[in-house]
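Trainee:
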Amino acid sequence: MSQLSITLSRSAKDIGAFVIMFIIFFSAFIQFAHLVFGSQISNYSTFYNTIFTLLRILLGDFDFHALKKANHIFGPLFFVTYIILVHYILMNMFLAIINDSYADVMTQLTRNRLTAFNGKVVNCIFVSPINYNVHYTISTSICNFLFVIASR
1 MSQLSITLSR SAKDIGAFVI MFIIFFSAFI QFAHLVFGSQ ISNYSTFYNT IFTLLRILLG
61 DFDFHALKKA NHIFGPLFFV TYIILVHYIL MNMFLAIIND SYADVMTQLT RNRLTAFNGK
121 VVNCIFVSPI NYNVHYTIST SICNFLFVIA SR
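Just so we're aligned, residue 1 is where the sequence shown starts under UniProt numbering, counting upward by one.
1. When you compare only the Cα positions, how much space is there between THR110 and ILE57?
2. Please list the terminal residues of the continuous alpha helix (DSSP H) segment that includes HIS87.
3. Between PHE26 and VAL86, is the Cβ-Cβ spacing less than 8 Å?
4. Let me know if SER101 comes out buried or exposed under the rule of 16 or more other beta-carbons within 10 Å of its beta-carbon.
5. Contact check, ILE97 vs PHE22 under 8 Å by CB: the rounded distance?
6. In the UniProt domain "Polycystin cation channel PKD1/PKD2" (1 to 105), which residue ranges form an unbroken alpha helix (DSSP H) of at least 4 residues, counting only runs that do not cross its ends?
7. Using only CA atoms, which one of ILE15, SER39, ILE6, GLN40 lies nearest to MET91?
8. Taking the Cβ atom as the reference point for each residue, do LEU54 and PHE29 lie within a distance shorter than 8 Å?
9. When we look at the beta-carbon of ALA12 and count the other beta-carbons within 10 Å, is it buried (16 or more) or exposed?
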């Protein structure tokens, strides 16, 4: 759970910028759909209905034939442009922001674990017991084994 909260906190600035850009694109599509299709299709008749219809299109619930029937040129052009820009490009940008932040978090957590482990290895090797040769051989073998396990 801490990985999720760290990932979201590290990506907050980028997600904020993305949300502003998404709102700009989405509001442009809302206005266009409402103005072009609002008088002919009931799902686009009010601004509120247009918002929910475009959100439903993102989820895969759409009526392409109604758009094409309302306007033979702008219907298909609007639909294809909306799907490409909002669904494919903007949603993939959002996932890339989250993925990039998650990779940074995992790299940092791995470094922290290896740093802590390397400190234990140094303590394991440089401890000087009474019987140095026996302890050095045993501790080196144990430390090498632990290093192999920790690096996986």
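Backbone N, C-alpha and C fix where the C-beta goes; we use that ideal spot for every residue, glycine too.
Mentor: Looking at the atomic coordinates:
1. Each residue's Cα considered, the two are about 40 Å apart.
2. Element bounds for HIS87: n/a, residue is neither H nor E.
3. Contact check for PHE26 against VAL86 passes: the beta carbons are separated by less than 8 Å.
4. So SER101 ends up on the buried side.
5. About 11 Å; that fails the 8 Å criterion.
6. Listed in chain order, the alpha helix (DSSP H) elements of length 4 or more contained wholly in the UniProt domain "Polycystin cation channel PKD1/PKD2" (1 to 105) are 2 to 10, 12 to 37, 47 to 58, 64 to 70, 74 to 82.
7. It is ILE15.
8. Yes.
9. Result: exposed.
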